[in-house]
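Protein chains in written order, with my numbering: chain A, 25 to 348; chain B, 10 to 201.
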């Protein structure tokens, strides 16, 4: 780890005005610093900022402070009641110890677990060292992207929480030197394109202050399904956040987001619109899965993910349907 | 391609979150001096002031600076749980957090669980049910299990205990007895 200075921010304005990297839970950043993958020279500890609350807003949305711990979110009564797909997703990620440190904002800033990014022994990684190439493309790419990748990077975003937030169409509130703005969840993370070193569309110095979950419209059946190499404490090979609203035996609204398959949570509006007005059931779910996976491109070791994702979508929707 | 990146891009990277490679691009003089500073920690109800650099993890502060070696270093990357301690009653991986971030908080390690000669019920249960073989993961397992008790879970099944203890790896495979030990205390006490 290279030497760095440490500053504890006492106010939001103090944090966003200072040069350096923000540290919250640190569960990913500290790890990457130990590996020398991240080398901040100034660290700004934001843990004492008043951003931990989870509160209902007058319009019925739920505001999650950027510093709310993953475990506090998963245990929050309103969140559990109104957004069960998010509680399920959070509890599917990491371990209890990590969820006690990890924050909502930090979860969104998590970096890929691509082996070639994480291990400096590999010289090629456009995300870690732009312009060096992508070792994963012709390497062991079993965990890598099948959607939205580029010739420059085939890494996936590792978060479970973000997949559920994408399905819920959350809004990320940020504050920076230029003021405050609200970022639609779909626009928060980005595809790698030719600049995979950028995971998000945040501007320099911007700090996530909170995440808003929109008001719940009618009873929703939901399920977060995570498929992984072991039953607990592992990253997703494929995950699905599925939400269904069923009125009089017909699907009134559907949401689907995939994790583990792309540089950001993957949604295809056409796949969701297709389900609207259909009878719930395997036939419709299979077609929605096909639409969601359209354009999938596989590499030498990850072709299995396409069929796995399709089956996971059908299963997640089937389980969601069975809930009330 | 790296050479062609305008400097503004490098700066933006620094801010945005992929700081990778920045140190190599900055002139030497721009590198921060890492300075030792006094860090005051409350551990097992005792105040300790250490003169340490900000990059010292809580785990290393305990083991290397305070000689409190009950907390173990396994993977040092948050994957094994051997370093589990309690902060304000909540279990965390002490290897993935810097000591300086925890001033003013109540840190409890395996050394702080017993009451004098009276073992904590979880310690006693691990002995009674033989919840270990080599013992290296045990302090982390026990701190994690105490943290689990504090979380107020209702009516846990064996499977749920396994899931809630999945952040602690036991290389010897003592899991059946670990689950039995955790269950015995959980059943006695119920959710806290």
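From the three backbone atoms N, C-alpha and C, an ideal C-beta is built for every residue, glycine too.
Quiz item: In three-state DSSP terms, what is residue 162 (chain A)?
Solution: Indexing the first chain from 1 puts residue 162 (chain A) at position 138. The three-state secondary structure of residue 162 (chain A), taken from DSSP, is coil.
Exercise. Could you tell me whether the Cβ of residue 131 (chain A) comes closer than 8 Å to any Cβ of chain B?
Key: As a first step, residue 131 (chain A) is located in the first chain; it is residue number 107 there, counting from the start. No - not a single Cβ of chain B is within 8 Å of the one on residue 131 (chain A).
Quiz item: What residues from chain A crowd round residue 101 (chain B), counting only those whose CB sits closer than 7 Å?
Solution: Position 92 of the second chain, counted from the start, is the residue given in the question as residue 101 (chain B). Under the 7 Å cutoff, chain A gives 121, 124 and 125.
Exercise. Apply the 10 Å Cβ neighbour rule to residue 300 (chain A) and answer buried if 16 or more other Cβ atoms are within range, or exposed otherwise.
Key: Position 276 of the first chain, counted from the first residue, corresponds to residue 300 (chain A). So residue 300 (chain A) counts as exposed.
Self-check item: C-alpha gap between residue 229 (chain A) and residue 256 (chain A), whole angstroms
Solution: Numbered from 1 along the first chain, position 205 holds the residue referred to as residue 229 (chain A). Numbered from 1 along the first chain, position 232 holds the residue referred to as residue 256 (chain A). Between the alpha carbons of residue 229 (chain A) and residue 256 (chain A) lies a distance of about 35 Å.
Exercise. Please check if any C-beta of chain B sits within less than 8 Å of the C-beta of residue 267 (chain A).
Key: Translated into the one-based positions of the first chain, residue 267 (chain A) becomes position 243. Residue-level contact check: residue 267 (chain A) does not touch chain B, since none of the beta carbons of chain B fall below 8 Å from its beta carbon.
Exercise. Run down chain B in chain order and give the residues with a C-beta less than 7 Å from the C-beta of residue 55 (chain A).
Key: For the purposes of this step, residue 55 (chain A) is taken as residue 31 along the first chain, with counting starting at 1. Among the residues of chain B, those whose CB is under 7 Å from the CB of residue 55 (chain A) are 86, 87 and 105, following chain order.
Quiz item: What in chain A is Cβ-close to residue 173 (chain B), meaning under 8 Å?
Solution: Sequence index remark: in the second chain, residue 173 (chain B) carries index 164 (1-based). Neighbours of residue 173 (chain B) on chain A, chain order: 120.
Quiz item: Given 8 Å as the limit, is there contact between the region 83-93 of chain A and the region 140-147 of chain A, that is, 3 or more CB pairs closer than that?
Solution: With the cut-off at 8 Å, the region 83-93 of chain A and the region 140-147 of chain A do not touch.
Quiz item: Leaving out five residues before and five after residue 18 (chain B) in sequence, what residues of the same chain have Cβ atoms less than 6 Å from its Cβ?
Solution: For the purposes of this step, residue 18 (chain B) is taken as the residue at position 9 of the second chain. Residue confidence for residue 18 (chain B) is low, a pLDDT of 36 falling below 50, so the modelled location carries little weight; the figure read from the coordinates is stated next. So the list is empty, once near-sequence residues are dropped.
Quiz item: For the putative contact between residue 187 (chain B) and residue 140 (chain B), defined by C-beta atoms under 8 Å, what is the C-beta separation to the nearest angstrom?
Solution: Taking the first residue of the second chain as 1, we reach residue 187 (chain B) at position 178. Taking the first residue of the second chain as 1, we reach residue 140 (chain B) at position 131. About 4 Å separates the two Cβ atoms, so the contact holds.
Quiz prompt | Simplified DSSP assignment, three categories, for residue 133 (chain A) | solution = Counted from its first residue, the first chain places residue 133 (chain A) at position 109. Correct three-state label for residue 133 (chain A): coil.
Exercise. Kindly say whether residue 288 (chain A), judged by its beta-carbon, lies nearer than 8 Å to any beta-carbon of chain B.
Key: Numbered from its first residue, the first chain carries residue 288 (chain A) at position 264. For residue 288 (chain A), the answer is no, since every Cβ of chain B falls outside 8 Å of its Cβ.
Quiz item: Hey, residue 249 (chain A) and residue 343 (chain A): beta-carbon distance below 8 Å or not?
Solution: As a working mapping, residue 249 (chain A) is identified with position 225 in the first chain. As a working mapping, residue 343 (chain A) is identified with position 319 in the first chain. In contact: residue 249 (chain A) and residue 343 (chain A) (Cβ atoms closer than 8 Å).
Quiz item: Do residue 190 (chain B) and residue 138 (chain B) have their C-beta atoms within less than 8 Å of each other?
Solution: On the second chain, residue 190 (chain B) is found 181 positions in, with the first residue counted as 1. On the second chain, residue 138 (chain B) is found 129 positions in, with the first residue counted as 1. Contact flag set, yes.
Exercise. Measure the beta-carbon distance from residue 113 (chain A) to residue 103 (chain A) and round it to whole angstroms, keeping in mind my assumption that it falls under 8 Å.
Key: As a position in the first chain, residue 113 (chain A) is number 89, starting the count at 1. As a position in the first chain, residue 103 (chain A) is number 79, starting the count at 1. Separation of the CB atoms of residue 113 (chain A) and residue 103 (chain A) is rounded to 11 Å, and the pair is thereby denied contact status at 8 Å.
Self-check item: Reference residue 135 (chain B), options B:126, B:124 and B:152, closest by Cα
Solution: Residue numbering aside, residue 135 (chain B) sits at position 126 when the second chain is read from its first letter. The candidate whose alpha carbon is nearest that of residue 135 (chain B) is B:152.
Self-check item: Enclosing alpha helix (DSSP H) for residue 375 (chain A) [first to last residue]
Solution: The structure shown does not extend to residue 375 (chain A), since chain A spans only 25 to 348, so no value can be given for it.
Self-check item: Beta-carbon neighbours of residue 231 (chain A), restricted to chain B and to distances below 7 Å
Solution: As a first step, residue 231 (chain A) must be located in the first chain, where it is residue number 207. Within chain B, no C-beta atom comes nearer than 7 Å to that of residue 231 (chain A); the closest sits roughly 10 Å away.
Exercise. Taking all protein chains shown into account, decide if residue 60 (chain B) is buried (16 or more other Cβ within 10 angstroms of its Cβ) or exposed.
Key: As a first step, residue 60 (chain B) must be located in the second chain, where it is residue number 51. Counting other Cβ atoms within 10 Å of its Cβ, residue 60 (chain B) stays below 16 and is therefore classed as exposed.
Self-check item: Min CB distance residue 189 (chain B) to chain A below 8 Å
Solution: For the purposes of this step, residue 189 (chain B) is identified with residue 180 of the second chain, where counting begins at 1. False, the Cβ-Cβ gap to chain A never drops below 8 Å.
Quiz prompt | Contact the region 188-207 of chain A vs the region 307-325 of chain A: 3+ CB pairs below 8 Å | solution = Between the region 188-207 of chain A and the region 307-325 of chain A there are fewer than three inter-stretch CB-CB distances shorter than 8 Å, so the stretches are not counted as touching.
Quiz prompt | Terminal residues of the beta strand (DSSP E) in which residue 69 (chain A) lies | solution = To locate residue 69 (chain A), count along the first chain from 1; it is residue 45. Where residue 69 (chain A) is concerned, the enclosing beta strand (DSSP E) stretches over 66-69.
Self-check item: In chain order, each beta strand (DSSP E) run of at least 3 residues that lies wholly inside the region 268-332 of chain A
Solution: Within the region 268-332 of chain A, the complete beta strand (DSSP E) segments of 3 residues or longer fall at 274-283, listed in chain order.
Quiz item: Which class does residue 50 (chain B) belong to by DSSP, given the choice of helix, strand or coil?
Solution: Mapped onto the second chain, residue 50 (chain B) falls at position 41. Residue 50 (chain B) falls in the strand class under three-state DSSP.
Quiz prompt | Integer Cβ distance of residue 51 (chain A) from residue 126 (chain A), believed to fall under 8 Å | solution = On the first chain, position 27 is the one that residue 51 (chain A) refers to. On the first chain, position 102 is the one that residue 126 (chain A) refers to. The C-beta separation of residue 51 (chain A) from residue 126 (chain A) comes to about 5 Å, placing the pair in contact by the 8 Å criterion.
Quiz item: How about the region 146-154 of chain A and the region 203-210 of chain A: do they share at least three Cβ pairs that are nearer than 8 Å?
Solution: The region 146-154 of chain A makes no contact with the region 203-210 of chain A; the number of CB pairs closer than 8 Å stays below 3.
Quiz item: If we ignore side chains and look at the alpha-carbon of each, how far apart do residue 162 (chain B) and residue 174 (chain B) end up?
Solution: Working through the second chain from its first residue, we reach residue 162 (chain B) at position 153. Working through the second chain from its first residue, we reach residue 174 (chain B) at position 165. The straight-line gap from Cα to Cα measures roughly 13 Å.
Quiz item: Helix, strand or coil: which one does DSSP assign to residue 234 (chain A)?
Solution: Within the first chain, the letter at position 210 stands for residue 234 (chain A). Residue 234 (chain A): strand per DSSP, three-state reduction.
Quiz item: Skipping 5 residues on each side, what residues in its chain have a beta carbon closer than 7 Å to that of residue 142 (chain B)?
Solution: For the purposes of this step, residue 142 (chain B) is taken as residue 133 along the second chain, with counting starting at 1. Counting only Cβ-Cβ distances below 7 Å, and skipping sequence neighbours, we find 181 and 183.
Practice problem: Output, in chain order, the set of chain A residues within a Cβ distance shorter than 8 Å of residue 63 (chain B). | Solution: Here residue 63 (chain B) refers to the residue found at position 54 when the second chain is read from its first residue. Taking the beta carbon of residue 63 (chain B) as reference, the chain A residues within 8 Å of it are 28, 29, 30 and 67, listed in sequence order.
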